[in-house]
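Q: In the working numbering, the protein residues as written are 3 to 252.
#1: Measuring CB to CB, does residue 185 end up less than 7 Å from residue 164?
#2: Which residues in the same chain have their Cβ closer than 7 Å to the Cβ of residue 149, if we skip the five residues on either side of it in sequence?
#3: Closest to residue 43 by CA distance: which of 54, 136, 221 and 21 is it?
#4: Cutting at 6 Å between CB atoms, please list the residues of its own chain near residue 19, excluding the five before and the five after it.
#5: So residue 152 and residue 96 are in contact, right, with Cβ under 8 Å, and what is the actual spacing, rounded?
#6: Since residue 34 sits in a beta bridge, which residues does DSSP pair it with?
#7: Can you check DSSP and say which residues form a bridge with residue 77?
#8: Within 10 angstroms of the Cβ of residue 17, are there 16 or more other Cβ atoms? Answer buried if so, exposed if not.
#9: Among the candidates 154, 140 and 84, whose CA atom is the shortest distance from the CA of residue 101?
#10: What residues are listed by DSSP as bridge partners for residue 187?
#11: Whose CA, out of 60, 104, 241 and 66, lies closest to the CA of residue 161?
#12: Around the Cβ of residue 4, are there at least 16 other Cβ atoms within 10 angstroms (buried) or fewer (exposed)?
#13: Identify whether residue 55 lies in helix, strand or coil by the three-state DSSP scheme.
#14: Whole beta strand (DSSP E) runs in the segment 95-176 with 3 or more residues, listed along the chain?
#15: Got a sec, what are the start and stop residues for the alpha helix (DSSP H) residue 213 sits in?
#16: Rounded to whole angstroms, what's the CA-CA distance from residue 179 to residue 173? Just pull it up for me.
#17: Quick one: is residue 117 buried, meaning 16 or more other Cβ sit within 10 Å of its Cβ, or exposed?
#18: Measure the C-alpha to C-alpha separation of residue 75 and residue 249 and round it to an integer number of angstroms.
#19: Under 7 Å, do residue 92 and residue 107 count as touching if we go by C-beta distance?
#20: Classify residue 239: buried if its beta carbon has 16 or more other beta carbons within 10 angstroms, exposed otherwise.
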């Protein structure tokens, strides 16, 4: 039976890649992003390749929090239900603290956490009403420890997102709810957001990375590093290294 999957930030990068993977599995897609012309192109391509898949696209700026709830509800009404919502939209800006670039760090915090919170709020309202659903939040391997330089704010925000999802999982377990929550910790996957970043060890191409993300989502596990190798052992080690060692590595 086909599911309906909503993906934010679906016009490029990881969102676009996951949309391709889910369409190949026969899932219906609710895709949203700011760049609707790219969404339209993606829809035309996927409908041509997978004629049995229904694909709907809508404009969404996740920093417009009222619009987030409106778009999610509109998709739910259109499809009848939403089986999975992937909170993927985000940005990669950031500058070292104290260098006069509070604007960049604030934008990173607002888009990657406050707007993610708005998406999770809207998703959970739908899932609670349905009494089922799978929420997926895209964090980052950088969330496992505090990171220096340009990544400091980004890593802290992604750690906050992971903690938010963990708290939600605990609440749902207490209530014995059938709603599931998965946190993904992607390593370096080559997309537009990091195409100019030089220090990207173990980087994989977008297709490989997105395929690993979809496999991790389908596993239903609470938390997954993606790709699993080598990021699962790297994440384990990073969580335990002393700060003096981190300072030499990064």
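The C-beta atom is built at its ideal place from N, Cα and C for all residues, glycine as well.
A: With the structure as the only source:
#1: It is a contact, given that the beta carbons lie within the stated cut-off.
#2: 157 and 252
#3: Checked all of 54, 136, 221 and 21; the closest Cα to residue 43 is 21.
#4: 208 and 212
#5: 5 Å
#6: 10 and 60
#7: BP columns for residue 77 are empty, so no partner.
#8: buried
#9: Considering only alpha carbons, the answer is 154.
#10: Looking at the DSSP output, residue 187 shares a beta bridge with 227.
#11: 241
#12: exposed
#13: coil
#14: 136-140
#15: 208-221
#16: When rounded, the distance between both Cα atoms is 9 Å.
#17: buried
#18: 45 Å
#19: No, they are not a contact pair.
#20: Result: exposed.
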